[in-house]
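Data first, discussion second: the structure below is written as structure tokens.
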Amino acid sequence: MSRFRYLVSHETYKKYYEDYKSYKVDKNSYIQSTKFETLFKLNEIFDRKLETEYTLHNQINNITGFEDVFYLFKSNSGVEYRLDLIPIEDKTISYPNYVSVSFSLSKNNPNDSIPSDYDALTDKNEMMEIMSRLLYLIDVYKGEFGDKVFMIGYCDNIKKMQIYEYLIRIVFKDYKLEKIKTSAFPDGYSLFLIKI
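Position in the sequence shown (from 1) plus 69 gives the number in this note's numbering.
Right, dumping it as structure tokens:
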């Protein structure tokens with residue numbers, strides 16, 4: 070199996086190693102520094118939000134009474150995705166009010182899909198672009214609904230969880246990451262993002 074490398078600025082390369090004592094993203098990919106620091110830093114995908122056209126949908130959740138929000142958007146290749154932001158109250162954990170963040174292909178609705186459809190890797194080879202678009206859309210959400218504690222729930226797809234965890238470290242630089250067990254995901258941990 071071939072290994073995938075992400076080119077990053079030397080500054081990001083050093084910071085990543087300081088924080089995680091490794092240059093590996095997962096067993097099949099790693100980050101590599103470029104010697105063109107100034108030129109490359111301007112275009113580094115980890116450091117930017119990608120302005121995104123979207124369609125906003127919101128509805129009151131009949132169970133929680135909160136307003137669920139989802140954004141439909143397209144990648145440069147024309148693939149349509151959805152970002153779901155669902156407020157949750159759980160008084161059994163240290164962050165009782167948070168917003169569940171999940172994304173998938175637009176055809177996969179978490180309310181009517183079987184979980185394996187929603188949790189499956191999209192395998193469209195546009196992960197960095199999508200994460201930059203998600204960062205932009207989460208900022209749009211925060212502008213409308215205020216800053217929140219965000220949570221990415223556990224899924225059985227270990228590779229997808231590793232992708233989430235790695236990209237959160239890079240893209241959500243002003244948040245701290247905590248792994249917490251919740252009643253909603255008893256089989257594994259959830260990733261909580263708390264504004265620093």
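Beta carbons: idealized from backbone N, C-alpha and C, even for Gly.
Residue i versus the options, residue with shortest Cα-Cα distance
{"i": "residue 157", "options": "217, 256 and 102", "result": "217"}
{"i": "residue 260", "options": "222, 243, 167 and 148", "result": "222"}
{"i": "residue 155", "options": "130, 80, 228 and 165", "result": "130"}
{"i": "residue 203", "options": "173, 78 and 159", "result": "173"}
{"i": "residue 145", "options": "102, 245, 151 and 198", "result": "198"}
{"i": "residue 160", "options": "250, 136, 265 and 87", "result": "250"}
{"i": "residue 122", "options": "209, 91 and 80", "result": "209"}
{"i": "residue 248", "options": "90, 136, 162 and 93", "result": "162"}
{"i": "residue 167", "options": "151, 137, 195 and 147", "result": "137"}
{"i": "residue 102", "options": "82, 87 and 88", "result": "82"}
{"i": "residue 195", "options": "84, 256 and 147", "result": "147"}
{"i": "residue 256", "options": "87, 224, 135 and 124", "result": "224"}
{"i": "residue 125", "options": "135, 133, 215 and 152", "result": "152"}
{"i": "residue 85", "options": "254, 258 and 242", "result": "242"}
{"i": "residue 164", "options": "77, 246, 80 and 78", "result": "246"}
Reduced DSSP category for residue i - H, G, I as helix; E, B as strand; rest coil
{"i": "residue 171", "result": "strand"}
{"i": "residue 252", "result": "coil"}
{"i": "residue 86", "result": "helix"}
{"i": "residue 135", "result": "coil"}
{"i": "residue 120", "result": "coil"}
{"i": "residue 195", "result": "coil"}
{"i": "residue 209", "result": "helix"}
{"i": "residue 228", "result": "helix"}
{"i": "residue 266", "result": "This structure cannot speak to residue 266, because the chain is shown only from 70 to 265."}
{"i": "residue 142", "result": "strand"}
{"i": "residue 214", "result": "helix"}
{"i": "residue 102", "result": "strand"}
{"i": "residue 237", "result": "helix"}
{"i": "residue 78", "result": "coil"}
{"i": "residue 265", "result": "coil"}
Whole-angstrom C-beta distance between residue j and residue i, which should lie under 8 angstroms
{"i": "residue 220", "j": "residue 169", "result": "5 angstroms"}
{"i": "residue 237", "j": "residue 206", "result": "Between residue 206 and residue 237 the Cβ distance is about 15 angstroms, and since that is not below 8 angstroms, they are no contact."}
{"i": "residue 175", "j": "residue 149", "result": "4 angstroms"}
{"i": "residue 265", "j": "residue 244", "result": "6 angstroms"}
{"i": "residue 90", "j": "residue 99", "result": "So it is not a contact: roughly 13 angstroms between Cβ atoms."}
{"i": "residue 119", "j": "residue 171", "result": "Rounded, the Cβ-Cβ distance is 19 angstroms, inconsistent with contact."}
Any non-hydrogen atom of the ligand SAH closer than 7 angstroms to residue i Cβ
{"i": "residue 161", "result": "No copy of the ligand SAH occurs in the structure displayed, which carries no ligand at all."}
Note to self: Whether or not the segment 224-239 and the segment 139-155 are in contact is what I'm after, with contact meaning three or more pairs of Cβ atoms, one per stretch, closer than 8 angstroms; do they touch?
What the structure shows: The segment 139-155 makes no contact with the segment 224-239; the number of CB pairs closer than 8 angstroms stays below 3.
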